[in-house]
Amino acid sequence: MTYDFSYGPNTPYARAVALVDRHHTSGQVVVDLGCGYGAIAEPIRALGLTYLGVDADPSGVKALIDRGSEAIIGDLSRPAELVAGLELALGQRPVAAICMLDVIEHLVNTDEILEALRDFALASGSPPLIVSIPNVTHLDLAIKLLMGHWDVTPTGLLDATHVRFFSDRHLTITMQHAGWHQVDWNDFELPASDQYFPVDAVPLQRNTVVGALLARLREISGYGALVNQFVRAYVPNASTPSDVEHQPETDAPFLSVMVRTQGKRPVTLQETLLSLAAQTCGDFEVLLLAHDVEPEAVQIIGQLVSEFHPSFSQRVRTIEVNGGGRARPLNVGARQARGRYIAMLDDDDVVLGHWVEEFKAAGLRAPGRVLRIGVAVQKVLGRSGIWAGQDGYDVKSKPFCPYPLRFDYVEHLYENRTPNNGYAVPRSVITDLNQLWDESLAVLEDWEYLLRTAALCGVESCPTVGALVRGWIDTENSLTLHPPEEWEQTRRSVIANRDREPLLMDYGSTSRIRDILQSEEEALRAKFELEREILRLRAELESTRTTLQGSLEGAEARLQDVLQSTSWRMTRVFRTVTGLLRRRNSAKGI
Amino acid sequence: MTTPPPSLQVQTVLYDTDLPSVRRFVESFAAACALAQREDKVGNVDLVLGDSSNSPLVEEGQTLDTPEGPYPFENTRYVFFDANLGSAGGHNRLFDALQRDFVLVVNPDTYASPHLVVELIAGLEDPSVGAVEARQLPLEHPKSHDPVNGDTSWASGACFLARAQVVRDIGGFDPSLFFLYCDDVDFSWRAKLHGWRVVHRPSARVFHDKRLSDSGIILAGTGEVRYSAEAAVLLAWRYSRADLAWQILDTLDTSPNPVHREVAASLRLRLQNSAAPSQIDAEHRVSQFHKGEYAIHRFSYADD
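Those sequence lines, one after another, are chains A and B. This note's numbering puts the first residue of the first sequence at 127, with every later residue one more than the last. This note's numbering puts the first residue of the second sequence at 1099, with every later residue one more than the last.
1) In this structure, how does DSSP classify A:Lys390 when only helix, strand and coil are distinguished?
2) Decide if B:Val1215 is buried, meaning its Cβ has at least 16 other Cβ atoms within 10 Å, or exposed.
3) In terms of residue numbering, what span does the alpha helix (DSSP H) encompassing A:Glu446 cover?
4) What's the gap between the Cα of B:Trp1335 and the Cα of B:His1358?
5) Would you call B:Phe1271 buried or exposed, if buried means 16 or more other Cβ atoms sit within 10 Å of its Cβ?
6) Please classify A:His480: does DSSP put it in a helix, a strand, or coil?
7) Should A:Val353 be listed as close to the ligand PLP, given that the test is whether its C-beta is under 7 Å from any heavy atom?
8) My assumption, with CB atoms under 8 Å, is that A:Val477 sits in contact with A:Gly592. Please give the rounded CB distance.
9) What three-state label does DSSP hand B:Ser1338 in the structure shown?
10) To which residues of the same chain is A:Met470 closer than 6 Å at the C-beta, ignoring the five residues directly before and after it?
11) DSSP has A:Pro260 in a bridge; who is on the other side?
12) List the residues that DSSP assigns as beta-bridge partners of B:Glu1405.
13) Would A:Ser554 pass as an interface residue toward chain B - the criterion being a Cβ-Cβ separation below 8 Å?
14) On the CB-based measure, 16 or more other CB atoms within 10 Å of its CB, does B:His1292 come out buried or exposed?
15) What residues of chain A sit near B:Leu1133, judged by a beta carbon separation below 7 Å?
16) Can you give the Cα-Cα distance for A:Arg543 and A:Ala580, rounded to whole angstroms?
17) Can you round the beta-carbon distance between B:Val1283 and B:Tyr1392 to whole angstroms, since I take them to be within the 8 Å contact cut?
18) At 3 residues or longer, and completely inside the segment 393 to 448 of chain A: list those beta strand (DSSP E) runs for me, N to C.
19) Looking only at C-alpha atoms, which of A:Ser693, A:Leu283, A:Ala140, A:Glu315 sits nearest to A:Phe323?
20) At least one CB of chain B closer than 8 Å to the CB of A:His275: is that the case?
21) Starting from A:Asp517 and walking both ways along the alpha helix (DSSP H), at which residues does that stretch end?
22) Can you name, in chain order, every residue of its own chain whose Cβ lies under 6 Å from the Cβ of A:Leu240, other than the five neighbours on each side?
23) Who are the near neighbours of B:Ile1316 in its chain, counting only those whose CB is closer than 8 Å to its CB and skipping five residues on each side?
24) Does the separation of the CB atoms of A:Thr151 and A:Ser252 fall below 8 Å?
25) Counting C-beta neighbours from all protein chains within 10 Å, is the total for B:Asp1144 16 or more, i.e. buried, or is it exposed?
26) Classify B:His1189 as helix, strand or coil using the three-state DSSP reduction.
27) Using only alpha-carbon positions, find the residue among B:Glu1328, B:Leu1259, B:Ala1289, B:Leu1235 that is nearest to B:Ala1363.
28) Could you check whether the segment 181 to 192 of chain A touches the segment 229 to 245 of chain A, counting it as contact only if at least three pairs of C-beta atoms, one from each stretch, sit closer than 8 Å?
29) With 16 as the cutoff for other CB atoms within 10 Å, does B:Lys1139 come out buried or exposed?
30) Output needed in chain order: residues of the segment 480 to 492 of chain A with a Cβ under 8 Å from some Cβ in chain B.
31) Can the beta-carbon of A:Gly743 be found less than 8 Å from the beta-carbon of A:Phe410?
32) Got a sec? Which residues, its chain only, sit under 8 Å from B:Ile1378 by beta carbon, not counting five neighbours each side?
33) So, is A:Glu541 buried or exposed, given that buried needs 16 or more other C-beta atoms within 10 angstroms?
34) So which of A:His538, A:Phe246, A:Leu594, A:Asn560 has the shortest CA-CA distance to A:Asp572?
35) Listing by chain order, which chain B residues have their CB less than 8 Å from the CB of A:Ile512?
36) Runs of 3 residues minimum, wholly inside the segment 192 to 253 of chain A: which ones carry the beta strand (DSSP E) assignment?
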């Protein structure tokens, strides 16, 4: 089938021509393979280049010739003949660029033709190859698939004649395998592709909850959610890499433990490493993230590790990280981790002997979920030089468990109830969903990350205490280094970010929210009742006061009457004598 | 002429310990001993594993070596007791063949820090010190110690280093009274009665695999109920605190736990006849009894 697509300023063809303009060699001729009716012929000639169209369909070739362009018949299914025909048509003229626009997806012999073209290009001054290929991972297609649709159309993303389908990654691998190295890209985006139908489909509508969720999932999973056409430029590569398709790692450990250190606490770091070395389950690796550590301290860290038995020390890699805040080393480490899950420790954390074992058991019970374990806190007071000259600490309290053993997402929306060493995330959230720590946060980066990943994965709780946090007394920490206003502002920012997307919540969340609302309603009702009761009591008090006041005034009035009466005045003399006698006897003690 | 570094026997008593745990234990002490040898702090080291399990953990000819070996031990011995001797009896059996200058008594559920042996040996540099205990992680023992000289009431059998001379002086542990608990308290106090000091050295770290309940209480092993109750009474009795012994018995008599009541009945009979254990430390020079503990505690792991 020969397509007669028109050329326009905001089209994939225009973007392809822009790449030709950027990358053509000093050669003369742009070869347009599978040219159809030559949509780019005039724009290419407008660049001052010579256009040579090649197509198997004579009608397209004739149309080009009629328009004054050069064109030949050529069959991409026969690479050797095609190349011979090109060489004949080109003569001594050097090639400036090769274009294959909306072609590759129609070819069953993709690898063969690409390799033949690579060889041709290497022998022809290494002109770039410009391609335009539909993106089968466009959001619309992804949603349609989830809806159970596969709507083949005459043209477009699911053109009836397409025999190859490309994602960004698959295109890269295909081209690399055939000896083409990408040097530029100018992809064409369409928020609503030709697959955006039926237009009233709720999952396709971005402003519905499910539509927004699906769009967000596609967006975070990788490049190209809205890319309709990959428009790329490649140069020929003399060597081709060995098979670059994904090879699952067969000896990957269950867990990667990232230990973050600034090299300032070698004593507690040694204890962190000791608690890891003593784990009942050895199915883990350690990434010791030395963040902005001085060279001498890096050496000390290396020495600490090497002193352990090789069965442990050989599982520890030290990675130096420079710059950035608290989240930077986590992101660096996460990208180098090999484990199926990733956990984090600071260099003053210790874990109990079954920490890895419990995580692993939870990972088997509920694969793909964030794994969470109980954490206890123990108050300690740092002291300098108290342990044979080393800095040490005094333990000041028994361990106490301020955090619930079972994870509750709703509670965590209010505040973080899970220390860093209390959870492990599936590495897939990083490799497949691109969920890294937010490096813009100076504090609360761990809470923010947990909220994000827990919403995506759900959480599996281990019903045991597996880690210990040192609660340092009188020591500088993030609480003291950052003012309360910064904490509050960051907290609000984290919640505001959560509010910008629909919220996924785990099984049972409906009842949990309902319970909270019910408690709130009961509290409000109780408040109302108490306020009413207080008003009533106040009124009663006022009424009683009024009554008593009246009685008091009445009694006082009657007293005055008595004092003003004739009989009272007449008996005054007797009361005076009686009073004198009483006072005299009282003084004598009678 | 420099004095050669002391020689060492590392010993533990297994009881249904799984093989991976034993390997982990051996690897850690191998690394700690190797480092101590590199720093010339220790000479020859023997490793002795006693086994109180119902059936042998290691078959004849089986090796505990792993690909990460070899180990720095001159001799490695495995002794199957074919009986459950408990902690005290088991260690005493291993003391029988003690030829080295120092002996490191450890639980099998421990993991040595690389500098453990170096630090413990440093703790015995003072000739008055007979035993030095390590600091346990992640759950440190709450008993107090002198921050300057490390003196402490008693050394925990989870991990302490003692001079072989101390073992000879006091005859090791006393399994006739203490099967699993307070054997280490008794060892320390008898050592003190012999004039030895017992110290705590916080820079000597050992990981001791303990678990916590969700209220921060250390979870007890299966034998604790019986043996700790028994040991509490007998320790008080031995150290001339008969008043305390009877008081504990009165409490056990009324405990809701039937094991406590059973222990109380049995001990009452024992203490009331001629088989009652002899009593020592009549002047209470070394023993300490504070609110159910054998030292002043900085904090408590028990419920508030």
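Backbone N, C-alpha and C define an ideal beta-carbon position, used for all residues, glycine too.
So, from the listed chains and residues:
1) In the structure shown, A:Lys390 adopts coil according to DSSP, grouped into three states.
2) buried
3) Per DSSP, A:Glu446 belongs to no alpha helix (DSSP H); it is in the beta strand (DSSP E), 442 to 447.
4) 17 Å
5) Classification of B:Phe1271: buried, given that the 10 Å Cβ count is 16 or more.
6) coil
7) Absence of the ligand PLP from the depicted structure is noted, as is the absence of any ligand whatsoever, leaving it without description.
8) Indeed, because the Cβ distance is near 6 Å, the residues count as touching under 8 Å.
9) coil
10) Met384, Asn546
11) A:Gln355
12) Residue numbering for chain B in the displayed model covers 1099 to 1402; residue 1405 of chain B lies beyond these limits and cannot be assessed.
13) no
14) exposed
15) Glu433
16) 13 Å
17) 5 Å
18) 410 to 417, 442 to 447
19) Of the listed residues, the one whose Cα sits closest to A:Phe323 is A:Leu283.
20) no
21) The continuous stretches of alpha helix (DSSP H) do not include A:Asp517, which lies in the beta strand (DSSP E) extending over residues 516 to 521.
22) Ala304
23) Cβ within range, chain order: Leu1237, Lys1308, Arg1309, Leu1310, Tyr1399.
24) Contact: yes.
25) Counting Cβ neighbours within 10 Å, B:Asp1144 comes out buried, since at least 16 surround it.
26) B:His1189: helix per DSSP, three-state reduction.
27) Check the Cα spacing between B:Ala1363 and each of B:Glu1328, B:Leu1259, B:Ala1289, B:Leu1235: the tightest is with B:Glu1328.
28) Segments in contact, no.
29) buried
30) His480
31) In the structure displayed, chain A extends from 127 to 716; residue 743 of chain A sits before or after that span and is not available.
32) Arg1288, Leu1291, Arg1336, Tyr1337, Ser1338
33) exposed
34) A:His538
35) Pro1245, Pro1300
36) 196 to 199, 221 to 227
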